[in-house]
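The opening position of the sequence shown corresponds to residue 679 in our numbering, with each subsequent residue numbered one higher.
Data first, discussion second: the structure below is written as structure tokens.
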Amino acid sequence: MDTLVHAVLYVGVILLVPLSVLVPLLALEYVRDDGPTEPRLSDPPRNVSSGNGLSALAATGAAESASDAVACRTCGAVNEGRYTFCRECADNLAGR
């Protein structure tokens with residue numbers, strides 16, 4: 679009889695402890711609503727007329743050379759060297 683009680687208690691602890699942690703976490707994720715989701719990086723902006731988020735080459739339609747160009751993260755100037763910052767912005771960030 680004691681072994682049966684120990685087995686039931688052991689199984690109860692094994693099941694109840696993880697559930698007591700997981701159920702509130704899952705309920706919190708279910709209840710939490712951040713509103714509309716932000717677009718992912720794989721979804722490019724659709725407004726190509728302004729060029730926001732796209733390099734100038736891609737906005738003008740030169741798709742074959744647009745993959746070689748990168749826009750500066752600070753000023754947005756097209757950068758053929760595939761750097762995330764143009765030289766002027768990099769010098770300013772470095773304190774030169």
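We treat Cβ as the ideally placed atom computed from N, Cα and C, and that holds for glycine.
None of these values were measured; they are calculated from a predicted model.
Problem - Nonlocal neighbours in the same chain, by C-beta distance under 8 Å from residue 753, ignoring five residues either side - result: 764, 766 and 767
Problem - Residues of its chain near residue 757, where Cβ-Cβ distance is below 6 Å and the 5 sequence neighbours each way are ignored - result: A distance below 6 Å between beta-carbons, with the five flanking residues on each side excluded, links residue 757 to the following residues of its chain, in chain order: 748, 750 and 764.
Practice task
Output the boundary residues of the alpha helix (DSSP H) element that contains residue 768.
Solution key: Residues 765-772.
Exercise for the section: To the nearest angstrom, report how far apart residue 690 and residue 703 are at their CA atoms. Expected result: 20 Å
Problem - Rounded C-alpha distance that separates residue 695 from residue 680 - result: 22 Å
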